[in-house]
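Colleague: So that you can map any letter, position 25 of the sequence shown is 909 in our numbering, and since no number is skipped, the others follow by simple counting. The beta-carbon is built from N, C-alpha and C at its ideal position, and this holds for glycine as well. I'd like to ask you about the structure that follows.
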Amino acid sequence: MKVNQFFHYISYLQYPFMLVALFYAFKPILGFDFASIELSDLLGGINNMLVFMGLSVSFSSLQDTTKTQNEVSRKVWEDPKKGKIFIAMITTVTFICIAVGLLGYFVLHDTGLRELSFGLTTFGVGLIGLLKAAIEMFENHRLDKKVVNT
């Protein structure tokens, strides 16, 4: 087995991590007793969700960037304009998450909000890996850079 293929298989760990993130996202409302939901429990759940989403996105960046996963991603990465827009969007979200997360972590004194800031920072760090993978996908698939053999 090639190293690239091994890491591509490891990238499928993104799905269990995303399921854990979904569990934490819905955990506060699973009991349907909205009156008893404490703010600290809600913030802790959101923090855990962000941490596991960050892990999930990190593992997804290990996928093989020479292949597209579906028709929609193929259309995005082959089109130079759409690819650049998508990369700009990922870049913006990544740096906003990291900046707001770090700012909140160092400025806020409330423990729950500091935890939430940590989760947001972790999610932003995971998005850095996604950004790198997106740039590689764009370079591997854009039609305007492909060499035509005649």
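Under 6 Å Cβ to Cβ from arginine 998, same chain only, skipping five residues before and after it: list those, please.
Modeller: Here residue 998 corresponds to residue number 114 of the sequence shown, with the count starting at 1. Excluding positions up to five away in sequence, the list reads Tyr989 and Leu992.
Colleague: Skipping 5 residues on each side, what residues in its chain have a beta carbon closer than 6 Å to that of threonine 1034?
Modeller: Working through the sequence shown from its first residue, we reach residue 1034 at position 150. Residue placement at threonine 1034 is flagged as unreliable, the pLDDT there being 46, under the threshold of 50; a coordinate-derived value is accordingly withheld.
Colleague: If you pair each beta-carbon of the stretch 972–979 with each one of the stretch 904–912, do three or more pairs fall below 8 Å?
Modeller: no
Colleague: Assuming arginine 958 is part of the alpha helix (DSSP H), what are its boundary residues?
Modeller: To locate residue 958, count along the sequence shown from 1; it is residue 74. Arginine 958 -> alpha helix (DSSP H) spans 955–962.
Colleague: Find the nearest neighbour of valine 960 within the set Leu939, His1025, Asp948 and Ser924, judged by alpha-carbon distance.
Modeller: For the purposes of this step, residue 960 is taken as the residue at position 76 of the sequence shown. Here the closest residue by C-alpha is His1025.
Colleague: Contact between the stretch 921–938 and the stretch 952–968 is defined here as three or more beta-carbon pairs at a separation below 8 Å; is this criterion met?
Modeller: no
Colleague: Can at least three beta-carbon pairs, one atom from the stretch 886–898 and one from the stretch 923–932, be found at a separation below 8 Å?
Modeller: No contact exists between the stretch 886–898 and the stretch 923–932.
Colleague: For isoleucine 930 versus leucine 1000, is the C-beta distance shorter than 8 Å?
Modeller: Position 46 of the sequence shown, counted from the start, is the residue given in the question as residue 930. Position 116 of the sequence shown, counted from the start, is the residue given in the question as residue 1000. Yes.
Colleague: Can you tell me which of the three DSSP states glutamine 889 falls into?
Modeller: For the purposes of this step, residue 889 is taken as the residue at position 5 of the sequence shown. Correct three-state label for glutamine 889: helix.
Colleague: When the Cα of leucine 1004 is compared with those of Met1021, Asp963, Ile980 and Leu914, which residue comes out closest?
Modeller: The residue labelled residue 1004 in the question sits at position 120 within the sequence shown. Cα-wise, what sits closest to leucine 1004 is Ile980.
Colleague: Determine, using beta carbons only, whether methionine 885 comes closer than 8 Å to chain D.
Modeller: Any reference to chain D falls outside this structure, which holds one protein chain only.
Colleague: Contact defined as beta carbons within less than 8 Å: I believe phenylalanine 970 pairs with alanine 905. What is the distance between those atoms, to the nearest angstrom?
Modeller: Locating residue 970 in the sequence shown gives position 86, where the first residue counts as 1. Locating residue 905 in the sequence shown gives position 21, where the first residue counts as 1. At roughly 22 Å, the Cβ-Cβ gap does not stay under 8 Å, so phenylalanine 970 and alanine 905 are not in contact.
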